[in-house]
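To keep things clear, I will list the structure first and then write my remarks on it.
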Amino acid sequence: MTAERDQAGRPGDRKAAGTGTPRGWARTRRAVSLGMRFTSLRLRLVLVFALVALTAAVSASGIAYWLNREAVLTRAQDAALNDFQQEMQNRAGALPGRPTQTELENTAGQMATSNQHFSVLLIARDAVGDTVVGNSDLDTFSLSDVPESLRKAVDQRQPLSSTNKSPYHLYWQRIADDDTPYLVAGTRLIGGGPTGYMLKSLEPEAKDLNSLAWSLGIATGLALIGAALLAQAAATTVLRPVHRLGAAARRLGEGKLDTRLRVSGTDELAELSRTFNQAAAALEKRVADMSARDEASRRFVADMSHELRTPLTAITAVTEVLEEELDAETGSVDPMIEPAVRLVVSETRRLGDLVENLMEVTRFDAGTARLVLDDVDLADQITACIDARAWLDAVELDAARGIMARLDPRRLDVILANLIGNALKHGGSPVRVAVRTDVTDGADDVLIEVSDHGPGIPLEVLPHVFDRFYKASASRPRSEGSGLGLSIALENAHIHGGELTAANSPEGGAVFTLRLPRDVSDTSGPSGVPETQGGAR
Numbered sequence: 434m435t436a437e438r439d440q441a442g443r444p445g446d447r448k449a450a451g452t453g454t455p456r457g458w459a460r461t462r463r464a465v466s467l468g469m470r471f472t473s474l475r476l477r478l479v480l481v482f483a484l485v486a487l488t489a490a491v492s493a494s495g496i497a498y499w500l501n502r503e504a505v506l507t508r509a510q511d512a513a514l515n516d517f518q519q520e521m522q523n524r525a526g527a528l529p530g531r532p533t534q535t536e537l538e539n540t541a542g543q544m545a546t547s548n549q550h551f552s553v554l555l556i557a558r559d560a561v562g563d564t565v566v567g568n569s570d571l572d573t574f575s576l577s578d579v580p581e582s583l584r585k586a587v588d589q590r591q592p593l594s595s596t597n598k599s600p601y602h603l604y605w606q607r608i609a610d611d612d613t614p615y616l617v618a619g620t621r622l623i624g625g626g627p628t629g630y631m632l633k634s635l636e637p638e639a640k641d642l643n644s645l646a647w648s649l650g651i652a653t654g655l656a657l658i659g660a661a662l663l664a665q666a667a668a669t670t671v672l673r674p675v676h677r678l679g680a681a682a683r684r685l686g687e688g689k690l691d692t693r694l695r696v697s698g699t700d701e702l703a704e705l706s707r708t709f710n711q712a713a714a715a716l717e718k719r720v721a722d723m724s725a726r727d728e729a730s731r732r733f734v735a736d737m738s739h740e741l742r743t744p745l746t747a748i749t750a751v752t753e754v755l756e757e758e759l760d761a762e763t764g765s766v767d768p769m770i771e772p773a774v775r776l777v778v779s780e781t782r783r784l785g786d787l788v789e790n791l792m793e794v795t796r797f798d799a800g801t802a803r804l805v806l807d808d809v810d811l812a813d814q815i816t817a818c819i820d821a822r823a824w825l826d827a828v829e830l831d832a833a834r835g836i837m838a839r840l841d842p843r844r845l846d847v848i849l850a851n852l853i854g855n856a857l858k859h860g861g862s863p864v865r866v867a868v869r870t871d872v873t874d875g876a877d878d879v880l881i882e883v884s885d886h887g888p889g890i891p892l893e894v895l896p897h898v899f900d901r902f903y904k905a906s907a908s909r910p911r912s913e914g915s916g917l918g919l920s921i922a923l924e925n926a927h928i929h930g931g932e933l934t935a936a937n938s939p940e941g942g943a944v945f946t947l948r949l950p951r952d953v954s955d956t957s958g959p960s961g962v963p964e965t966q967g968g969a970r
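Under the working numbering, the sequence shown has 811 at position 378, and the numbering climbs by one with no breaks.
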């Protein structure tokens, strides 16, 4: 009779010292460093879907492989152990107490012919007390192939108790030889029979498990590809409305206020589209209202200016007569009313300048201002501007003759008159006008600088010097100018494709810099006769 099979001798719960545990997969972790920041929402969605699918597939494949591995190995192991135990009871138990080597080899060969195809090693003592060995596979399975810990466990006699009915047990262990897994088991017959060992190759089961691993790996790869495709489809579904919304927002920013989105569905993207349409409609209405008010305001200023020109022409003629009377040597004007007459003449002239400036501002706002281009020598043009206003003694001109530019002479005269006039009025003498060329960065520009030696422009005023009707001091709301001169100068610079800036010089005083292209033909609109011929001051 054989010893009872040790139920603790299963994988992971060994009774004898030295029995091995089943070998699992070696798991490694790779740290992936992302050196770039993904800004594409589509790419991020695909990556998230792929990572989720990869995690789920790897987890499911790992669990499935582990469960199948344990089931396959346990099934093969239990079948081999049961068969070996049965053969030990039937065949090894039928041997005499002192068998010969031939009897052991025949019995081992018969035991090896079972359905499990394992090798058998039988060890006993013959009639003279010598150790004899019977091997089913000569020179293939020997005692040296059995781990020493397993041999000790098999030969160790267990004390009998209420829970242990047999002094010897069946022990087993999994080993590997040249990467081929084997199952080794051993037991001995109770009552002085032979000790038997069994060696079974688990290579077929290992091949089945490798095939399963490859199948699970292929399934994981297909799942990853499918997840990427699903992510692409989902990203397209989500991003298409977002792209339409972005394109609509760009059109709205370009001034196409009638832009609307087609709304379909009841999800969050549809609600976003409805909100965009509502905001666009509200913006269109608000802009239309503001445009209507602005148009009405411009029309009012233009109509008022035109209506004022007729009575103003008559008043101007009368004031010219009064001014001649004031300058006459006969002294026909009563000295008592002379101050009042001079005030009327001055205010009438100021009113005329204001009306002309308002009409010029209206043309700029309406976009009807046009350039009349001509080739001019800047030095001659500036000299003519200064001479026409009798400023030759108060202005220093630093301009070489021969610097030619193609621009509108009348509008340049308006700019220069405002800049030089303001410098003489609010700055300190002498006022200096310098002209130079600038051909840096591929530009071909002319720079005209008007500087004075006054106190400069206060820092809180500097950002507002080109604002319409801006007064530097609230305590002096009335001044000789209309408050429109510098803003008109700036508009005239812009219509030339240039720029006008104001700053304070480190040496003291204000500096106005006018930058104009040498040829403004490409920036001008269609040429026409200008509506006004006078300059704004």
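Beta carbons: idealized from backbone N, C-alpha and C, even for Gly.
1) Of all the options Ala703, Gly688 and Phe733, which has the alpha carbon lying nearest to the alpha carbon of Ala713?
2) Within 10 angstroms of the Cβ of Leu825, are there 16 or more other Cβ atoms? Answer buried if so, exposed if not.
3) So within the region 735-818, which uninterrupted beta strand (DSSP E) runs reach at least 3 residues, ignoring any that extend past its ends?
4) Candidates Ile921, Ala817 and Pro863: which alpha carbon is nearest Val883's?
5) With a threshold of 16 other CB atoms inside 10 Å of the CB of Met792, please say whether the residue is buried or exposed.
6) Alpha carbon to alpha carbon, what distance is there between Leu554 and Leu576?
7) Cutting at 6 Å between CB atoms, please list the residues of its own chain near Phe496, excluding the five before and the five after it.
8) Whose C-beta lies closer than 7 Å to the C-beta of Glu520 among residues of the same chain, with five residues either side of it excluded?
9) Helix, strand or coil: which one does DSSP assign to Pro842?
10) By Cβ distance, which residues of its chain are closer than 7 Å to Ile890, with the 5 residues on each side in sequence left out?
11) Would you mind stating whether Leu947 and Ile815 have Cβ atoms separated by less than 8 Å?
12) When you compare the CB positions of Glu636 and Thr613, do they come within less than 8 Å of one another, or not?
13) Return the first residue and the last residue of the beta strand (DSSP E) that Ser552 is part of.
14) Taking the continuous beta strand (DSSP E) assigned at Thr409, which residues delimit it?
15) Closest to Arg834 by CA distance: which of Pro842, Arg865, Asn851 and Arg869 is it?
16) Between which two residues does the beta strand (DSSP E) harbouring Asp878 extend?
17) Do you know whose CA, among Val617, Ser582, Asp952 and Pro600, lies nearest Phe574's CA?
18) Whose C-beta lies closer than 7 Å to the C-beta of Glu538 among residues of the same chain, with five residues either side of it excluded?
19) List the whole-angstrom C-beta distance separating Gly625 from Gly530, where the pair is believed to meet the contact cut-off of C-beta under 8 Å.
20) Between the region 779-787 and the region 734-754, do at least 3 Cβ pairs fall closer than 8 Å?
21) Rounding to the nearest angstrom, what Cα-Cα distance links Ile556 and Asn501 in this structure?
22) The beta strand (DSSP E) spanning Ser634 covers which residue range?
23) Can you look up Tyr601 in the DSSP assignment and give me helix, strand or coil?
24) Comparing C-alpha positions only, which one of Ile651, Asp813 and Phe733 sits nearest to Ile836?
25) In chain order, which alpha helix (DSSP H) runs of at least 4 residues are fully inside the region 492-548?
26) Does the ligand PLP have even one heavy atom less than 7 Å from the beta-carbon of Val754?
27) With Asp831 as the anchor, note down where its beta strand (DSSP E) starts and where it stops.
28) My guess is that Gln591 and Pro580 are in contact by the Cβ rule of under 8 Å, so how many angstroms apart are they, rounded?
29) Tell me the rounded alpha-carbon separation between Ala876 and Gly861.
30) Counting along the chain, where does the beta strand (DSSP E) carrying Asp570 start and finish?
31) Count the other CB atoms, across all protein chains shown, that sit within 10 Å of the CB of Ser954; report buried if there are 16 or more and exposed otherwise.
32) Can you list, in chain order, the residues of its chain with a C-beta nearer than 6 Å to that of Phe797? Leave out the 5 residues immediately preceding and following it.
33) Taking buried to mean at least 16 other C-beta atoms within 10 Å of its own C-beta, is Gln510 buried or exposed?
34) Alpha carbon to alpha carbon, how far is Val879 from Arg951? Give it in angstroms, no decimals.
35) Identify the continuous beta strand (DSSP E) that holds Ala943 and give its terminal residues.
With the given structure in hand:
1) Gly688
2) exposed
3) 807-810
4) Pro863
5) buried
6) 8 Å
7) Correcting the residue type first, residue 496 is Ile in the shown sequence and not Phe. Once the five neighbours on either side are set aside, Ile496 has no close Cβ partner at all.
8) Met544 and Ser547
9) helix
10) Val898, Ala935, Asn937 and Ala943
11) no
12) yes
13) Ser552 to Arg558
14) Coverage of the chain is limited to positions 434 through 970, which leaves residue 409 absent and any answer about it impossible.
15) Arg869
16) Asp878 to Ser884
17) Val617
18) Gly567 and Asn568
19) 6 Å
20) yes
21) 36 Å
22) Thr628 to Ser634
23) coil
24) Asp813
25) 534-545
26) Although the ligand PLP was asked about, the structure shown includes no ligands whatsoever.
27) Val828 to Asp831
28) About 19 Å; that fails the 8 Å criterion.
29) 33 Å
30) Here Asp570 belongs to no beta strand (DSSP E), and DSSP marks it neither H nor E.
31) exposed
32) Glu924
33) buried
34) 6 Å
35) Ala943 to Pro950
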